[in-house]
Amino acid sequence: MTDTSGRSPRQQRLSRVATTEAGMHTLPSVSPSGASDDHDQHGLTDGGRGQFATILLRLIGNRVALVGLCIFFGLIVASLLTAWFWTYSYTSITNTLNAPPSLSHPFGTTTIGADLFAQVMHGTLQDIEIALVVAVIATVFGALVGAVAGFYRGGVDAGLMRFVDLILVVPVLAVLIVLAHIVAKQASSWFWLAVIIGAVSWTYIARLVRADFLTLRERDFIEASRALGATNRRLILRHMLPNAMGPIIVNATITVALSIVLESTLSYIGLGIQAPNVSLGLLVNQGQDSATTEWWLFVFPVGFLVILTLSIFFIGDGLREAFDPKKSRVRA
Amino acid sequence: MDDASLVVEQLVVDFAAGEGPVHAVRGISFSLAPREVLGIVGESGSGKSVTALAAMGLLPKNAKVSGSITYAGQELLGLREKDLAKVRGVGIAMIFQDPMTSLNPVYTVGWQIAEAVRAHQDVTKHAALARAVALLETVGIPNAAERVGNYPHEFSGGMRQRVVIAIAMANDPAVILADEPTTALDVTVQAQVLSSLRTALEETHASLLLITHDLGVIAGLADRVLVMYAGRPVEIGTVEQIFYEPAMPYTHGLLGSLPRLDGDGQDRLRQIPGSPPSRVGDGQGCPFAPRCPLRADVCNEREPELRPVRFRPHADDTPSGTEGSAPHVAACHFAEEVAAMPVASMFPDTSADHEGVAP
Numbered sequence: 001m002t003d004t005s006g007r008s009p010r011q012q013r014l015s016r017v018a019t020t021e022a023g024m025h026t027l028p029s030v031s032p033s034g035a036s037d038d039h040d041q042h043g044l045t046d047g048g049r050g051q052f053a054t055i056l057l058r059l060i061g062n063r064v065a066l067v068g069l070c071i072f073f074g075l076i077v078a079s080l081l082t083a084w085f086w087t088y089s090y091t092s093i094t095n096t097l098n099a100p101p102s103l104s105h106p107f108g109t110t111t112i113g114a115d116l117f118a119q120v121m122h123g124t125l126q127d128i129e130i131a132l133v134v135a136v137i138a139t140v141f142g143a144l145v146g147a148v149a150g151f152y153r154g155g156v157d158a159g160l161m162r163f164v165d166l167i168l169v170v171p172v173l174a175v176l177i178v179l180a181h182i183v184a185k186q187a188s189s190w191f192w193l194a195v196i197i198g199a200v201s202w203t204y205i206a207r208l209v210r211a212d213f214l215t216l217r218e219r220d221f222i223e224a225s226r227a228l229g230a231t232n233r234r235l236i237l238r239h240m241l242p243n244a245m246g247p248i249i250v251n252a253t254i255t256v257a258l259s260i261v262l263e264s265t266l267s268y269i270g271l272g273i274q275a276p277n278v279s280l281g282l283l284v285n286q287g288q289d290s291a292t293t294e295w296w297l298f299v300f301p302v303g304f305l306v307i308l309t310l311s312i313f314f315i316g317d318g319l320r321e322a323f324d325p326k327k328s329r330v331r332a
Numbered sequence: 001m002d003d004a005s006l007v008v009e010q011l012v013v014d015f016a017a018g019e020g021p022v023h024a025v026r027g028i029s030f031s032l033a034p035r036e037v038l039g040i041v042g043e044s045g046s047g048k049s050v051t052a053l054a055a056m057g058l059l060p061k062n063a064k065v066s067g068s069i070t071y072a073g074q075e076l077l078g079l080r081e082k083d084l085a086k087v088r089g090v091g092i093a094m095i096f097q098d099p100m101t102s103l104n105p106v107y108t109v110g111w112q113i114a115e116a117v118r119a120h121q122d123v124t125k126h127a128a129l130a131r132a133v134a135l136l137e138t139v140g141i142p143n144a145a146e147r148v149g150n151y152p153h154e155f156s157g158g159m160r161q162r163v164v165i166a167i168a169m170a171n172d173p174a175v176i177l178a179d180e181p182t183t184a185l186d187v188t189v190q191a192q193v194l195s196s197l198r199t200a201l202e203e204t205h206a207s208l209l210l211i212t213h214d215l216g217v218i219a220g221l222a223d224r225v226l227v228m229y230a231g232r233p234v235e236i237g238t239v240e241q242i243f244y245e246p247a248m249p250y251t252h253g254l255l256g257s258l259p260r261l262d263g264d265g266q267d268r269l270r271q272i273p274g275s276p277p278s279r280v281g282d283g284q285g286c287p288f289a290p291r292c293p294l295r296a297d298v299c300n301e302r303e304p305e306l307r308p309v310r311f312r313p314h315a316d317d318t319p320s321g322t323e324g325s326a327p328h329v330a331a332c333h334f335a336e337e338v339a340a341m342p343v344a345s346m347f348p349d350t351s352a353d354h355e356g357v358a359p
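Chains as they are written, first to last, in this note's numbering: chain A, 1 to 332; chain B, 1 to 359.
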């Protein structure tokens, strides 16, 4: 950057600009709420990655989100470590039946002698996997459908929204039971389970995004971008979707929580996660009968389910603020 | 700069509405020479903005547009969206009325200017960003290199409008359409924005279609003025002609409703009584007749066409009817008489609050 000899004037001017930016970081903040200036500088250095870095920095700057992130990734790391280093695997059966928590079995053992700690940790990982797949499928598909419907309106909108209505009125559980019955026999059935749950949960996001797009498309800056020669595709993906990020993220986190609940419902009727695989929902359902006598069978899975869901909500809340330049300015 | 200019001919825009078509624009023709500034004035609903939006192809789907709008010899009406996108921004750029809402709130201003640059030019992100800084400097944003990283909400209204101007300049357009660029701003900020606009015109050598209802803005910036009323041009002339020899009662009324610094300050503003006619259905006669102090029978029978004003004794006595050589045209049966009257004296010196209010 410092060697500008032999460059065109434009490049020289460019590197001057870049140097100024780099210099900004070392300067004391000028603006009263200066902390986010740093982030903004990151935001402009580059399009895609720069913006990602900006959002990440804002996310970490948010205390609640940071707690959520720590718990979430802590759970993942803990489950992985458990799988690799813990004495028992979630499939192994011991001779100790129905034992309360002890040093050798921190969460106790189940009625058939499995180590509950190994099972809870594996179930947590399993739930995270399912929830993430569901969230990605439902959010991406739902947001795109909603965006297209809200942007084009008219016939496209009517067609897509009637399709959404159709999905909404179909009794979810009946469909899930039929489909889950089929995929339960497949290998890696949890993935297909997640796909099925995703296939029924995208409609809420689609309706939200459509509503948002109906107002966004009338905003002046969309018309201004169009007046600059932006294509519809660009308007939707680069201009309107980022503006609809708040509701999308909030709904994605709700979807994550709901998918965990849905999964446990399916597990309850025997069509979710199949043994020997375990999920938190499965464990809760197995443990609820003995909640008063063998309390550990119920308390530990429920506790982890709550902590996991809460951490996802925290992250979602932080993400929503990180995507909103005005909000994060106040926070950071 | 090539010979690119905007030619609008017999533009008619109707909107489909429940109670029949609304005639928003009823036949407007003008041409914009390179580097010329044409001001369009008229009160709300006179069809000013619709004319500009039609040129950009941004009218809603329920608008029925006919006539012709050509840019650099290319007909814009009926052009496919894909081809329009190539003209937008590069050939014709637009500045919108409200800077508070015409910038995307989730991107930095630098990103938005760079986006405009990269939409039509094959340059790297860094080059586009450097251009953004240069553009911000041009429009008078202090500390441009720092401010490119700011979000729109960190800018004041006037600065945002300058950013909008910078975006409009980004691709050196041949024509800039400014739709009431200063209406949402207060007066001191208006002056700054207008000077930025002037700089933009010098830098890009663009011609400007300046839509406003502020005659002060017109006086400061425009070469020629087109006065619109009820969807039609009622008077076209140079700034001097419009301001000193208005030949249409409506123009008189507009000028009379302005506060003047050169008067003694004791005069009341003279308002134009009544309100603009509804544009649903077809009216007969001059649309301004109901509000006009000079109306005669002929006004109710026949709508006057635009015709050259033969007012000045020393002017060419036989102006040819062709456009361009007859710079001052007005749509009034009594254009010459009107032009001879002292400016702004036509409407009575009363205002509505005299009635029904105790003195």
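We treat Cβ as the ideally placed atom computed from N, Cα and C, and that holds for glycine.
Short CB-CB distance (under 7 Å) between residue i and chain A
| i | result |
| --- | --- |
| M341(B) | no |
| N104(B) | yes |
| G42(B) | no |
| G237(B) | no |
| D186(B) | no |
| M360(B) | Since the first residue of chain B shown is 1 and the last is 359, residue 360(B) is not available in this structure. |
| G89(B) | yes |
| D98(B) | yes |
| M94(B) | yes |
| M361(B) | Examination of residue 361(B) is not possible in this model, given that chain B is present from 1 through 359 alone. |
| M56(B) | yes |
CB contact below 7 Å: residue i versus chain B
| i | result |
| --- | --- |
| T54(A) | no |
| P28(A) | The predicted model places P28(A) with a pLDDT of 38, which falls under 50 and marks its position as unreliable, so this point remains unresolved. |
| P348(A) | Only positions 1 to 332 of chain A appear in this structure, which leaves residue 348(A) out of reach. |
| D220(A) | yes |
| A22(A) | Residue placement at A22(A) cannot be trusted, given a pLDDT of 39 that sits under 50; what the coordinates show is reported in the next sentence. For A22(A), the answer is no, since every Cβ of chain B falls outside 7 Å of its Cβ. |
| L228(A) | yes |
| A224(A) | yes |
| P325(A) | yes |
| G43(A) | Here the model assigns G43(A) a pLDDT of 39, short of 50, so the residue's position is not dependable, and the following value carries that caveat. By this cut-off, G43(A) is an interface position. |
| T231(A) | yes |
Per DSSP, the bridge partner or partners of residue i
| i | result |
| --- | --- |
| A63(B) | F15(B) |
| H23(B) | D14(B) |
| M94(B) | L177(B) |
| R307(B) | A330(B) |
| S31(B) | V7(B) |
| T364(A) | With chain A covering only 1 through 332, there is no way to say anything about residue 364(A). |
| E75(B) | T70(B) |
| V50(B) | V50(B) pairs with nothing; no bridge assigned. |
| I222(A) | In DSSP, I222(A) forms no bridge with anything. |
| I37(B) | At residue 37(B) the sequence reads Val, which differs from the Ile that was named. V37(B) pairs with L208(B). |
| R397(B) | Because chain B here runs from 1 to 359, residue 397(B) falls outside it and cannot be looked at. |
Integer Cβ distance of residue i from residue j, believed to fall under 8 Å
| i | j | result |
| --- | --- | --- |
| G253(B) | I272(B) | 4 Å |
| A54(B) | V13(B) | 6 Å |
| Y90(A) | A118(A) | 4 Å |
| G123(A) | V278(A) | 5 Å |
| E245(B) | A339(B) | 5 Å |
| G285(B) | R270(B) | Not really, about 24 Å apart at Cβ, beyond 8 Å. |
| A368(A) | V261(A) | There is simply no residue 368(A) to check, as chain A begins at 1 and stops at 332 in what is shown. |
| I218(B) | V193(B) | Wrong, their Cβ atoms sit about 15 Å apart, outside the cutoff. |
| R171(B) | A116(B) | Checking the sequence, you will find Asn at residue 171(B) rather than Arg. Indeed they touch by this definition, with Cβ atoms about 7 Å apart. |
> Fully enclosed by the stretch 245-314 of chain A, which alpha helix (DSSP H) runs are 4 residues long or longer?
Replying inline: 245-268 and 280-287
> Which full runs of the alpha helix (DSSP H) of 4+ residues lie inside the stretch 222-304 of chain B, going along the chain?
Replying inline: 239-244, 249-256 and 297-301
> Would the stretch 310-319 of chain A and the stretch 227-238 of chain A be scored as touching if the rule is three or more Cβ pairs under 8 Å?
Replying inline: Between the stretch 310-319 of chain A and the stretch 227-238 of chain A there are fewer than three inter-stretch CB-CB distances shorter than 8 Å, so the stretches are not counted as touching.
>> Could you tell me which whole alpha helix (DSSP H) segments of length 4 or greater appear in the stretch 71-107 of chain A?
In response: none
> Would you call the stretch 82-98 of chain A and the stretch 29-44 of chain B in contact, with 3 or more CB pairs under 8 Å?
Replying inline: no
> Is the stretch 71-81 of chain B in contact with the stretch 156-169 of chain B, if contact means three or more CB pairs nearer than 8 Å?
Replying inline: No: fewer than three Cβ pairs fall under 8 Å.
>> Quick check on the DSSP output: what are the complete beta strand (DSSP E) runs of length 3 or more inside the stretch 164-219 of chain B, in order along the chain?
In response: 175-179 and 207-211
> Quick one: any contact between the stretch 236-243 of chain A and the stretch 288-298 of chain A, if contact means 3 or more CB pairs under 8 Å?
Replying inline: Cβ pair count under 8 Å is below three, so no.
> If you pair each beta-carbon of the stretch 208-223 of chain B with each one of the stretch 33-52 of chain B, do three or more pairs fall below 8 Å?
Replying inline: yes
> Does the pairing of the stretch 302-313 of chain A with the stretch 245-263 of chain A give three or more beta-carbon distances under 8 Å?
Replying inline: yes
> Are there three or more Cβ pairs, one per stretch, closer than 8 Å when the stretch 128-148 of chain B is compared with the stretch 101-118 of chain B?
Replying inline: yes
>> Taking contact to mean 3 or more Cβ pairs, one atom from each stretch, closer than 8 Å, check whether the stretch 159-170 of chain A and the stretch 269-289 of chain A are in contact.
In response: Segments in contact, no.
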